[in-house]
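So the sequences go chain by chain: A and B. Count along the first sequence from 1, add 37, and you get the number used in my numbering. Count along the second sequence from 1, add 254, and you get the number used in my numbering. In this text, a Cβ means the ideal position worked out from N, Cα and C, and glycines have one as well. Below: the structure, in structure tokens.
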Amino acid sequence: MAVLETRELTAFYGDFQALFDITFTLDEGETVAVIGANGAGKSTFLKAIAGLLPRPAAAVRLDGRDIGTLPAYEIVKLGVALVPEGRRLFSSLSVEENLLVGAYGRRRGGAWSLATVYQLFPMLRERRHSPSMALSGGQQQMVAIGRALMSNPRILLCDELSLGLAPIVIRDIYAALADIKARGTSVVLVEQDLAHAMAVADRAYCFMEGRVSLTGRPQELTRDAIHAAYFGL
Amino acid sequence: MLGWIDTLLQGILLGGLYSLYATGLSVIFGIMRLVNLAHGDLIVLGAFLILAATAAGAPLILAFAVVVPLMFFIGYALQSALLNRALGRNILPPLLITFGLSIIVQNGLLETFSADTRRLDIGPLQSASLPLGSGLAVGLMPLICLGAAIGVIVLLNSVFYRTPLGRAFRATSDDVEIAQLMGINNRSIYALTMGIALAVCAIAGFFLGARANFDPSIGPARLLYAFEAVIIGGLGSLWGTLAGGIVVGLAQTIGAHIDPEWQILSGHVAFLIVLVIRPRGLFPRAVD
Ligand SMILES: Nc1ncnc2c1ncn2[C@@H]1O[C@H](COP(=O)(O)OP(=O)(O)O)[C@@H](O)[C@H]1O
Ligand SMILES: [Mg+2]
């Protein structure tokens with residue numbers, strides 16, 4: 038059964054409709070990529086699931102339960118954590134405080150603690166007392182992932198993990214993601230970078246102008262089909 | 255010479271009172287980015303509530319101990335029931351609500367307590383002083399007031415910087431959207447913030463009433479001193495707010511020492527000078 042499901046999910050910014058009837062499923066332990074051009078609605082989709090945007094009450098389901106009316110601070114307690122686009126670390130908090138605040142509303146037991154996050158990203162342990170903004174982009178991304186893990190999520194929503202990072206750093210981040218998946222965490226991976234997304238995903242959805250334009254397993258999707266679904270050519 | 259040393263001492267002590275006025279304002283602005291235009295009137299409300307409790311027969315210390323938590327609950331309720339509804343990208347609605355609140359509190363106090371000037375009766379403490387030798391002395395009550403100002407800041411800082419709840423406050427201040435993703439209910443953080451600020455208003459109101467006469471109309475001037483202290487100190491730092499309060503207090507007593515008519519004006523001039531020299535205040539927070 039799907040752990041996470043959206044049915045005819047719509048989202049608006051004022052009068053502007055950013056998502057049109059998105060129907061989506063994520064199975065237990067699965068990694069699903071959401072790809073698409075800039076402005077396609079990928080971040081909006083993750084924010085609507087996480088509760089940061091108003092959405093129809095029955096449009097988002099977790100384990101078959103409607104969570105469309107819950108605020109963001111309740112949804113994280115049910116095990117859905119978001120790594121936001123652009124990292125968005127708390128700038129006046131140190132690295133370790135950023136991680137600790139990730140556990141603030143924790144209601145779930147699980148594998149993640151400061152110790153296991155530092156095991157996953159040993160670099161962060163050395164810099165634990167640094168202001169978070171003093172870190173490199175890659176290290177900040179590690180903090181953002183670690184911060185989300187501190188709530189012991191069963192579903193991790195990742196928005197553009199590779200954005201603005203050097204290839205070697207992206208490799209480290211994706212290696213860590215493999216570790217996280219190996220613990221049974223289900224992952225929704227938003228990426229503009231096709232190669233990375235397709236390499237780790239079990240399935241992919243392509244968004245175009247707020248709609249799903251293509252879906253399937255990575256090996257079934259041809260370059261031409263993806264290209265057409267990306268740009269509507 | 256001795257006169258000048260005495261003036262400086264008095265200025266620093268007066269700064270303690272201004273710092274108490276300003277601390278709540280600083281906390282509210284730091285966490286919610288809200289300027290509470292009713293802040294001065296809420297300080298005066300604190301003073302009147304303590305007065306009313308003593309008039310009803312409570313000993314002063316008991317009145318104080320009851321009114322501080324009472325003001326906390328008033329702040330909590332005010333934020334949950336009213337100000338949280340006006341949250342959003344536009345900062346004007348909450349600002350206007352606090353402006354309306356200022357008028358309501360002033361008129362409510364006028365209606366209930368009349369326009370007469372009042373004073374809290376603190377008994378022999380009123381005139382008690384601590385001799386410092388060579389003819390100098392400081393009043394005991396102003397000294398306690400400065401101590402209270404420092405104590406409040408130490409207490410608040412230890413909450414903000416040493417507890418999980420304090421981390422949640424700072425995270426909410428940094429990025430309220432992402433804070434919610436951490437399981438933080440920003441509305442309850444805001445309600446707690448307003449509660450804390452009003453509890454500090456009650457403490458400030460106590461020292462206001464113990465030190466000088468007060469009546470329902472003096473709130474806006476207290477708001478102005480508090481505002482100047484916060485800006486001089488630099489947004490985001492409570493120790494900066496203390497320093498800002500002391501700068502305003504010193505400027506006023508030095509001005510008064512030169513010519514009694516200059517007291518209030520000198521405070522404002524000091525504020526303008528600091529703004530020109532250091533637009534971000536004396537101790538601005540490193541980021542944002
Ligand atoms: N805060 C916002 N206010 C108004 N429009 C927005 C806002 N955020 C995103 N949009 C619009 O919604 C659409 C989808 O944006 P987004 O979800 O960020 O796309 P993606 O993440 O796929 O690049 C875009 O047209 C964008 O301009
Ligand atoms: Mg995006």
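Minimum Cβ-Cβ distance from residue i to chain A less than 8 Å
{"i": "residue 421 of chain B", "result": "yes"}
{"i": "residue 534 of chain B", "result": "no"}
{"i": "residue 446 of chain B", "result": "no"}
{"i": "residue 432 of chain B", "result": "yes"}
{"i": "residue 436 of chain B", "result": "yes"}
{"i": "residue 541 of chain B", "result": "Confidence in residue 541 of chain B is poor, its pLDDT being 46 and thus under 50, which makes the residue's placement unreliable; the coordinate value appears in the next sentence. Closer than 8 Å to some Cβ of chain A, the Cβ of residue 541 of chain B qualifies, so yes."}
{"i": "residue 469 of chain B", "result": "no"}
{"i": "residue 439 of chain B", "result": "yes"}
{"i": "residue 255 of chain B", "result": "no"}
{"i": "residue 343 of chain B", "result": "no"}
{"i": "residue 513 of chain B", "result": "no"}
{"i": "residue 287 of chain B", "result": "no"}
Burial state of residue i (16 or more Cβ within 10 Å)
{"i": "residue 50 of chain A", "result": "exposed"}
{"i": "residue 124 of chain A", "result": "buried"}
{"i": "residue 259 of chain B", "result": "exposed"}
{"i": "residue 135 of chain A", "result": "buried"}
{"i": "residue 233 of chain A", "result": "buried"}
{"i": "residue 350 of chain B", "result": "exposed"}
{"i": "residue 164 of chain A", "result": "buried"}
{"i": "residue 542 of chain B", "result": "Because residue 542 of chain B carries a pLDDT of 44, less than 50, the predicted location of this residue cannot be relied on, and no value is offered for it."}
{"i": "residue 156 of chain A", "result": "exposed"}
{"i": "residue 360 of chain B", "result": "buried"}
{"i": "residue 465 of chain B", "result": "buried"}
{"i": "residue 508 of chain B", "result": "buried"}
Chain B contact for residue i (CB, 8 Å cutoff)
{"i": "residue 52 of chain A", "result": "no"}
{"i": "residue 138 of chain A", "result": "yes"}
{"i": "residue 115 of chain A", "result": "no"}
{"i": "residue 22 of chain A", "result": "Within the shown structure, residues of chain A are numbered from 38 to 270, placing residue 22 of chain A beyond reach of any answer."}
{"i": "residue 78 of chain A", "result": "no"}
{"i": "residue 150 of chain A", "result": "no"}
{"i": "residue 61 of chain A", "result": "no"}
{"i": "residue 109 of chain A", "result": "yes"}
{"i": "residue 223 of chain A", "result": "no"}
{"i": "residue 226 of chain A", "result": "no"}
Proximity below 8 Å, CB of residue i to CB of residue j
{"i": "residue 87 of chain A", "j": "residue 44 of chain A", "result": "no"}
{"i": "residue 406 of chain B", "j": "residue 328 of chain B", "result": "no"}
{"i": "residue 40 of chain A", "j": "residue 192 of chain A", "result": "yes"}
{"i": "residue 272 of chain B", "j": "residue 497 of chain B", "result": "no"}
{"i": "residue 133 of chain A", "j": "residue 119 of chain A", "result": "no"}
{"i": "residue 242 of chain B", "j": "residue 290 of chain B", "result": "This structure cannot speak to residue 242 of chain B, because chain B is shown only from 255 to 542."}
{"i": "residue 220 of chain B", "j": "residue 286 of chain B", "result": "Past the edges of chain B, shown from 255 to 542, lies residue 220 of chain B, and the structure says nothing about it."}
{"i": "residue 169 of chain A", "j": "residue 113 of chain A", "result": "no"}
{"i": "residue 69 of chain A", "j": "residue 196 of chain A", "result": "no"}
{"i": "residue 122 of chain A", "j": "residue 167 of chain A", "result": "no"}
{"i": "residue 222 of chain A", "j": "residue 190 of chain A", "result": "yes"}
{"i": "residue 300 of chain B", "j": "residue 321 of chain B", "result": "yes"}
{"i": "residue 363 of chain B", "j": "residue 460 of chain B", "result": "no"}
{"i": "residue 61 of chain A", "j": "residue 267 of chain A", "result": "no"}
{"i": "residue 98 of chain A", "j": "residue 46 of chain A", "result": "no"}
{"i": "residue 488 of chain B", "j": "residue 537 of chain B", "result": "yes"}
{"i": "residue 172 of chain A", "j": "residue 434 of chain B", "result": "no"}
{"i": "residue 463 of chain B", "j": "residue 304 of chain B", "result": "yes"}
{"i": "residue 177 of chain A", "j": "residue 126 of chain A", "result": "yes"}
{"i": "residue 469 of chain B", "j": "residue 370 of chain B", "result": "yes"}
What does the shell around ligand 3 hold, if a residue joins when its beta-carbon is under 6 Å from any heavy atom?
Looking for ligand 3 in the displayed structure turns up nothing; the ligands present are ligand 1 and ligand 2.
With contact counted as at least three CB pairs below 8 Å, one residue from each stretch, are the stretch 331-343 of chain B and the stretch 441-453 of chain B in contact?
yes
Using a Cβ-Cβ cut-off of less than 8 Å, give me the residues of the stretch 388-419 of chain B that come near chain A, in sequence order.
418
Three CB pairs or more closer than 8 Å across the stretch 203-210 of chain A and the stretch 144-154 of chain A
no
Does the count of Cβ pairs from the stretch 405-424 of chain B and the stretch 132-144 of chain A closer than 8 Å reach three?
yes
Report yes or no: do three or more beta-carbon pairs, one from the stretch 257-276 of chain B and one from the stretch 503-519 of chain B, lie closer than 8 Å?
yes
Taking a Cβ distance cut-off of 8 Å, strictly less, list which residues of the stretch 475-489 of chain B are near chain A, in chain order.
none
Kindly confirm or deny that the stretch 455-469 of chain B and the stretch 274-285 of chain B touch, where touching means at least three C-beta pairs closer than 8 Å.
The stretch 455-469 of chain B and the stretch 274-285 of chain B touch, with no fewer than 3 CB-CB distances between them shorter than 8 Å.
If the cut-off is 7 Å on Cβ atoms, which residues from the stretch 200-218 of chain A count as contacting chain B, listed in chain order?
Along the stretch 200-218 of chain A, there is no position whose C-beta sits under 7 Å from a C-beta of chain B.
The stretch 522-535 of chain B / the stretch 310-320 of chain B touching (three or more Cβ pairs under 8 Å):
no
Between the stretch 239-248 of chain A and the stretch 46-63 of chain A, do three or more beta carbon pairs fall short of 8 Å?
yes
The stretch 290-306 of chain B in contact with the stretch 475-489 of chain B per 3-pair CB rule at 8 Å:
With a cut-off of 8 Å, the stretch 475-489 of chain B and the stretch 290-306 of chain B count as touching, because enough Cβ pairs lie within range.
Does the contact criterion of 3 or more C-beta pairs under 8 Å hold for the stretch 152-165 of chain A versus the stretch 77-85 of chain A?
no
Give a yes or no on contact between the stretch 222-239 of chain A and the stretch 66-73 of chain A, applying the rule of three or more CB pairs nearer than 8 Å.
yes
Going along the stretch 80-96 of chain A in order, which residues come within less than 8 Å of chain B, judged by CB to CB distance?
87, 88, 89
Should the stretch 370-384 of chain B be regarded as contacting the stretch 392-400 of chain B, the criterion being three or more beta carbon pairs within less than 8 Å?
Enough Cβ pairs lie closer than 8 Å, so yes.
Got a sec: which bits of the stretch 150-178 of chain A sit with their beta carbon under 7 Å from any beta carbon on chain B, in order along the chain?
Among the residues of the stretch 150-178 of chain A, those with a Cβ less than 7 Å away from any Cβ of chain B are 170, in the order of the chain.
In the stretch 233-266 of chain A, which residues sit with their C-beta less than 9 Å from some C-beta in chain B, listed in chain order?
none
If you measure beta-carbon to beta-carbon, which residues of the stretch 328-340 of chain B are closer than 7 Å to chain A?
none
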